[in-house]
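Going down the list, the sequences are from chains A and B. For the first sequence, UniProt numbering assigns the number 1 to the initial residue and increments by one for each residue that follows. For the second sequence, UniProt numbering assigns the number 1 to the initial residue and increments by one for each residue that follows. Here's the structure, in structure tokens; my notes come after.
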Amino acid sequence: MATMPASASDLLKSFKLKTKQQELLIRVSILCLVYILAFITRLFSVLRYESMIHEFDPYFNYRTTLYLTENGFYDFWNWFDYESWYPLGRIVGGTLYPGLMVTAVLIYRILRFLRFAVHIREVCVLTAPFFASNTTLVAYFFGKEIWDSGAGLVAAILIAICPGYISRSVAGSYDNEGVAIFALLFTFYVFVKAVNTGSLAWSLASAFGYFYMVSAWGGYVFIINLIPLYVLVLLITGRYSMRLYVAYNCMYILGMLLAMQIRFVGFQHVQSGEHMAVMGVFFLMQVFYFLDWVKHMLSDTKLFQAFLRITVTCAVAVGGIALGLGMVSGYISPWTGRFYSLLDPTYAKDHIPIIASVSEHQPTAWSSFMFDFHILLFLFPAGLYFCFKRLSDATIFIVMYGLTSMYFAGVMVRLILVATPAVCLISAIAVSATVKNLTVLLRSKNKVVQTGSTKGSGGSKSSSKALLDQSQPFQKNGAIALLFGAFYLLSRYATHCTWVTSEAYSSPSIVLAARGAHGNRVIFDDYREAYFWLRQNTPQDAKVMSWWDYGYQITAMGNRTVIVDNNTWNNTHIATVGRAMSSYEDEAIEIIRSLDVDYVLVVFGGVTGYSSDDINKFLWMVRIGGGVFPVIKEPDYLVNGEYRVDKGAAPKMLNCLMYKLCYYRFGEMLTEYGKPPGYDRARGVEIGNKDVKLEHLEEAFTTSNWIVRIYRVKPPNNRCPHNVETPVVTHLGDVFPNGSNIHGQSGTCNPQNLGVCLDLLGLVDVNLGNAPTKPCCSLIEGLVDLEGAVCLCTAVRANVLGIHINLSISLSLLLRNCERKVATEYICGP
Amino acid sequence: MGKLWLICIASISILLPFLCNAFSPETPTDRRVLVLLDDFAIMSSHSLYFNALKSRGFDLEFKLADDPKIALQRYGQYLYDALILFCPSVERFGGSIDVAAIVNFVDSGHDLIVAADVNASDLIREVGTECGVDFDEDPSAMVIDHIGYAVSGTEGDHTLIASDDFIKSDVILGGKKIEAPILFRGIGHAVSPANSLVLKVLSASPSAYSANPKSKLSTPPPLTGSAISLVSIVQARNNARLLITGSLSMFSNRFFRSGVQKAGSQTKHEKSGNEQFLTEISKWIFHERGHLKAVNVKHHRVGETDEPALYRINDELEYAVEIYEWSGTSWEPYVANDVQLQFYMMSPYVLKTLSSDKKGLYSTSFKVPDVYGVFQFKVEHQKLGYTSLSLSKQIPVRPYRHNEYERFIPAAYPYYGAAFSMMAGFFIFSFAHLYSK
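Structure (structure tokens):
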């Protein structure tokens with residue numbers, strides 16, 4: 001090259017500059033496109049439905065954001081919300097991560113300042129997509145930091161459309177994770193940058209990134225445990241350096257001080273077991289620094305070895321003793337159940353039903369990995385291979401991030417989200433390195449002379465060169481084929497991501513959509529219908545009891561006080577509601593009155609076939625209720641370990657409050673053509689108790705598709721006449737679980753006396769409906785419906801052989817003529 | 001002509017308040033009473049009782065129970081404040097009245113007097129059941145007492161009994177002691193022990209039982225002893241008051257006037273206690289006595305006058321309520337020393353007896369407990385004979401704001417000292433380290 005003429009080299013130089021400029025231009029435009037793509041691909045839900053908040057938690061976030069915009073930061077910080085967790089109330093300011101709300105309000109204020117007349121709701125709806133776009137930028141820089149700018153670009157594209165991330169960041173999904181993933185990746189990126197450069201400024205930036213993450217999401221615990229783990233690995237592998245020391249110490253000290261400013265975290269950051277690792281590693285760093293200094297001072301290696309041994313032993317011992325003392329004295333709080341359930345996937349199921357009951361806390365199925373990652377699942381190991389081949393501080397970090405987060409993603413479905421950036425970055429390395437190698441191969445064929453001048457990546461290049469030397473003839477075709485294969489896979493990925501986004505992740509879940517018989521779209525807007533009914537038809541201070549899933553929505557949209565909500569901080573309170581739902585009405589009403597409940601709301605999918613309704617969640621209510629109140633026993637609601645709602649269901653199941661509230665008047669309804677009335681479409685069975693009678697509650701409102709049903713709690717009986725027993729309805733001939741003494745001794749069934757009725761029955765003209773005369777009625781008087789019927793049946797069986805009448809009709813007629821309310825046809829068992 | 005109009009309008013405007021003063025919280029005493037009879041003969045045979053009511057200002061309207069025109073309400077408004085059922089044998093009411101209508105009448109706060117008798121119809125029994133009492137199921141049964149019967153000229157079957165086992169309550173029976181026993185002839189009823197609202201005002205003696213006096217006793221009678229109630233009252237949860245008795249004749253002029261001597265007792269009373277007893281109890285039933293109202297519930301922080309929307313933990317607060325009692329004509333201060341206030345959140349955190357100034361004002365002050373949540377000020381005053389007072393007012397209690405804690409705590413001075421000495425030390429150390437060469 002040295003022999004090249006000066007003019008030619010000048011030309012080349014200017015040309016090179018030009019390519020560099022071109023490259024920059026291309027890179028910037030790609031990034032811009034990716035930025036826009038990440039935003040618009042998340043807008044399906046807005047286009048399909050409307051600009052609205054999705055799901056459950058976002059409603060709380062939205063409500064708090066509204067409060068923040070209306071009342072300012074200090075009121076928000078000190079907000080005591082007495083509309084939730086009645087009567088305990090909730091200190092909202094001290095029990096949430098304010099990062100999301102503050103971010104949204106900040107954006108809102110800026111837009112307002114720029115004279116954009118937007119509503120805070122629009123800002124909330126679009127916050128998550130906006131931050132997803134920003135995440136792509138961070139992913140680019142992170143990829144650039146750990147590999148090269150090509151990998152960065154690929155990472156940006158991959159993360160922009162990766163379903164694992166989109167699931168939590170579509171427009172309207174106004175949740176902590178929306179901004180937290182940005183904060184997480186940003187913190188990691190800046191920390192890696194700080195480790196690579198050893199710059200105080202970068203580590204300061206990472207401390208602030210960490211602060212933002214702490215303010216936004218409880219998942220910050222992942223950062224504060226991953227980073228010390230990473231540092232520990234570096235220390236063990238002998239990669240300790242001054243850069244690491246500066247980066248880690250500065251980040252830890254400042255990050256801790258900043259994090260403690262968040263009220264929800266506070267002193268936990270120095271006291272709870274989850275944060276101990278970071279502190280331990282901090283002290284270990286000091287020991288390492290000290291040892292380094294001693295090594296520097298001591299020239300004698302032998303002496304240093306001895307010193308090293310003593311110091312390390314002492315340090316570990318002191319650390320262990322301090323930890324033990326802290327644990328014993330209670331100064332260091334033990335790990336929380338959530339943390340345990342992360343480390344041990346079976347822990348929650350055995351100990352904390354309330355965590356296990358949430359669907360997003362379930363262990364991940366393989367299919368959902370495939371669904372959320374698609375080809376990244378295969379590219380991930382390949383990327384790990386590349387990372388190991390070019391090991392550096394940065395690649396070690398991304399490898400550790402990838403491996404730990406993949407483990408957590410396997411434990412809990414929702415943590416796929418945390419793994420997504422790592423998977424995208426590592427896969428991007430695989431894609432970028434492969435494509436680069438292949439293109440280098442292709443180019444090297446064309447410009448054999450120039451291969452030497454391009455300074456590519458060392459390892460991969462030399463290997464490709466070796467490959468080039470061996471199999472010259474097929475190599476070009478092979479490379480082209482592989483390239484096409486890669487592009488095919490990537491295009492499949494893009495298609496898959498778009499499909500998943502549009503089909504699976506863009507439904508707001510508060511408005512349900514289904515396909516009608518003619519392929520038309522049917523919208524079920526029952527939730528909002530019910531909440532607006534609550535808002536407009538109930539007293540301002542009415543208390544609504546529902547299962548905790550709907551708490552946030554009721555307070556945010558219905559503006560009414562709830563007993564429990566999605567912030568599951570008080571297990572006992574939730575268990576009380578679970579107990580009320582799974583008790584008989586008489587017992588439940590006591591609990592309901594003690595909580596001053598005015599309305600009870602249940603979600604029911606039997607008419608529409610909506611499967612995530614309260615009947616399907618019911619076993620969790622039983623479990624959570626039974627966890628605190630042992631009177632509730634799960635086996636009482638099961639038949640041979642099977643959960644059923646049809647005729648064969650457990651008697652307690654058929655008569656518990658939840659069953660009654662869901663199926664009240666459902667027995668009269670025809671839901672599907674060709675099926676009997678009372679056919680539950682969500683479970684595909686005919687319900688077992690069609691004659692539901694409510695004594696202490698009355699139906700107040702049922703939405704148009706019966707998805708939400710609201711009941712009013714009646715005041716105590718004004719005159720309290722005799723305890724009118726609600727008849728427990730079963731079918732005659734069915735075996736009574738506790739014998740026939742369900743009604744105690746109140747009935748005075750004497751089949752012999754009823755002979756009078758039987759005589760009448762034999763003579764009575766069914767068509768004319770002649771009323772049986774009084775003596776018969778007065779005999780049945782003291783009996784409740786069922787007992788009357790049972791008694792009559794016994795009488796029939798006992799002494800009447802010659803009477804051939806249609807008993808089911810006659811019995812009902814007889815009972816009805818005696819002014820007994822009978823809704824079902826009683827049939828005497830054989 | 002104009003003058004006539006003026007007079008008309010003036011007279012209407014003067015009369016209107018009087019026309020409209022039905023039962024209202026301000027004047028709880030009933031005004032318009034519908035009396036349903038089996039036949040109009042009762043009007044004269046029970047005239048003493050009716051006249052006593054009329055003289056107290058009640059507007060009695062007598063109707064036959066099967067009169068097809070009777071109705072309790074018109075256009076959704078009740079026409080009467082109280083109902084007296086002196087029609088034990090009616091099988092079916094006329095007009096729009098049925099058991100459900102009577103129940104609704106009571107449930108919307110109106111009063112009811114039911115008198116059954118021997119051979120009471122199923123309808124009247126059903127009304128009794130709705131009110132919480134069970135008449136003896138045997139239609140011809142009567143209360144018989146071979147020891148506590150009233151001595152009369154003929155020996156009889158001891159169904160005319162003289163009872164003096166009253167409920168001990170001055171509010172219900174008036175301050176004046178009823179000296180003479182009550183004459184009673186009719187059926188007995190039982191009160192469900194589970195029902196806390198029904199009270200036995202007049203019980204039978206322990207030797208009484210309920211059976212058919214004409215037939216021989218073959219099985220043990222279902223109702224015996226003092227479990228038999230002769231006269232019961234119910235105060236419903238909405239403060240509607242009900243009187244149920246198994247004897248119509250105890251209201252009659254004959255019983256009012258006749259003398260009474262209880263068997264085994266030497267004292268012969270010139271006049272039975274029926275008049276006094278039934279008059280006093282009708283005062284109670286028609287809310288001339290024992291009706292309380294609470295007004296002007298106030299609470300505020302000590303030293304302030306405005307009612308806050310919510311309190312902070314450890315606030316000192318004052319609570320006051322005025323309670324008045326209706327004397328039949330005006331609201332008099334209610335004097336009691338056992339009105340209690342609860343500061344309640346699932347259980348009472350504070351339970352204080354309110355101190356009274358004898359002029360109706362009850363007040364107290366206390367410190368909000370160190371617990372935040374949604375509390376209630378609860379006054380649950382349920383005293384025998386009085387209408388139940390149940391006031392509850394929801395009030396949230398919030399924790400301290402971030403800037404309401406003490407700014408400088410003496411116990412923390414070592415930490416302040418440590419922080420500042422650390423800063424100073426660091427500064428000096430850096431200075432020394434950098435410039436000590």
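A virtual CB, placed ideally from N, CA and C, is assigned to each residue, including glycine. Quantities reported herein were computed from a predicted structural model and do not represent experimental measurements.
For residue 710 of chain A, the enclosing beta strand (DSSP E) has its first and last residue at 708 to 713. The continuous stretches of beta strand (DSSP E) do not include residue 192 of chain A, which lies in the alpha helix (DSSP H) extending over residues 176 to 197.
Around residue 402 of chain B, the beta-carbon contacts reaching into chain A at under 7 Å are 77, 78. Of A/663, A/719, A/718, A/373, the smallest CA-CA separation from residue 699 of chain A is found for A/663.
Counting along the chain, the unbroken alpha helix (DSSP H) around residue 285 of chain A starts and ends at 276 to 297. Within the DSSP bridge table, the entry for residue 373 of chain B names B/397 as partners. Between the stretch 401 to 418 of chain A and the stretch 213 to 232 of chain A there are three or more inter-stretch CB-CB distances shorter than 8 Å, so the stretches are counted as touching.
Residue 43 of chain A and residue 270 of chain A have their C-alpha atoms spaced approximately 41 Å apart.
Per DSSP, the unbroken beta strand (DSSP E) holding residue 134 of chain B starts and ends at 133 to 135. For residue 412 of chain B, the nearest beta carbon of chain A is not closer than 9 Å to its own beta carbon.
Taking a 10 Å sphere around the C-beta of residue 414 of chain B, we find fewer than 16 other C-beta atoms and assign the residue as exposed.
Close to chain A, meaning a Cβ-Cβ distance shorter than 9 Å, are the following residues of the stretch 177 to 208 of chain B: 192, 194, 195, 196, 197, 198. Cα atoms of residue 395 of chain B and residue 343 of chain B: separation of roughly 10 Å, rounded to the nearest angstrom. With its beta carbon at least 9 Å from every one in chain B, residue 689 of chain A lies outside the interface. Under the three-state reduction of DSSP, residue 39 of chain A is assigned to helix.
With a contact defined as Cβ atoms closer than 8 Å, residue 173 of chain A and residue 54 of chain A qualify at about 5 Å. For chain B, the residues of the stretch 575 to 605 of chain A that bring a beta carbon within less than 9 Å of one of its beta carbons are 594, 595, 596, in chain order. For residue 421 of chain B, there is no enclosing beta strand (DSSP E); the enclosing alpha helix (DSSP H) covers residues 413 to 435. The beta carbons of residue 85 of chain A and residue 570 of chain A sit closer together than 9 Å.
Residue nearest to residue 147 of chain A within the set A/496, A/40, A/364, A/393 is A/393 (criterion: CA-CA distance). Apart from the 5 residues on each side of it in sequence, residue 255 of chain B sits with its Cβ closer than 7 Å to the Cβ of 183, 249, 272, 274 in its chain, given in chain order. For residue 524 of chain A, the secondary structure class from DSSP, reduced to helix, strand or coil, is strand. For the options A/542, A/562, A/543, A/100, the alpha carbon positioned closest to that of residue 551 of chain A is the one of A/562. Taking a C-beta distance under 9 Å as the contact criterion, residue 489 of chain A and residue 710 of chain A do not qualify as a contact pair. The beta carbon of residue 312 of chain B lies closer than 6 Å to those of 398 in the same chain, with the five residues before and after it left out.
It is roughly 22 Å from the alpha-carbon of residue 653 of chain A to the alpha-carbon of residue 599 of chain A. Taking CB atoms only, residue 100 of chain A has no neighbour in chain B less than 9 Å away. Within 7 Å of the CB of residue 237 of chain B, the CB atoms of chain A belong to 716, 718, in sequence order along the chain.
In this structure, the CA atom of residue 427 of chain A is about 11 Å from the CA atom of residue 156 of chain A.
Along the length of the stretch 23 to 77 of chain B, whole beta strand (DSSP E) runs at least 3 residues long occupy 32 to 37, 59 to 64, reported in chain order.
Of all residues in the stretch 84 to 112 of chain B, only 103, 106, 107 come within less than 8 Å of chain A when Cβ atoms are compared, listed by chain position. Nearest Cα to residue 188 of chain A within the set A/175, A/179, A/167, A/210: A/210.
Scanning B/360, B/104, B/298 for the CA closest to the CA of residue 238 of chain B turns up B/104. Leaving aside the five residues that flank residue 67 of chain A on each side, the residues in its chain whose CB is nearer than 7 Å to its CB run, in chain order, 76, 79. In the structure shown, residue 127 of chain A adopts helical secondary structure according to DSSP, grouped into three states. Per the C-alpha coordinates, the member of A/671, A/708, A/659 positioned closest to residue 693 of chain A is A/659.
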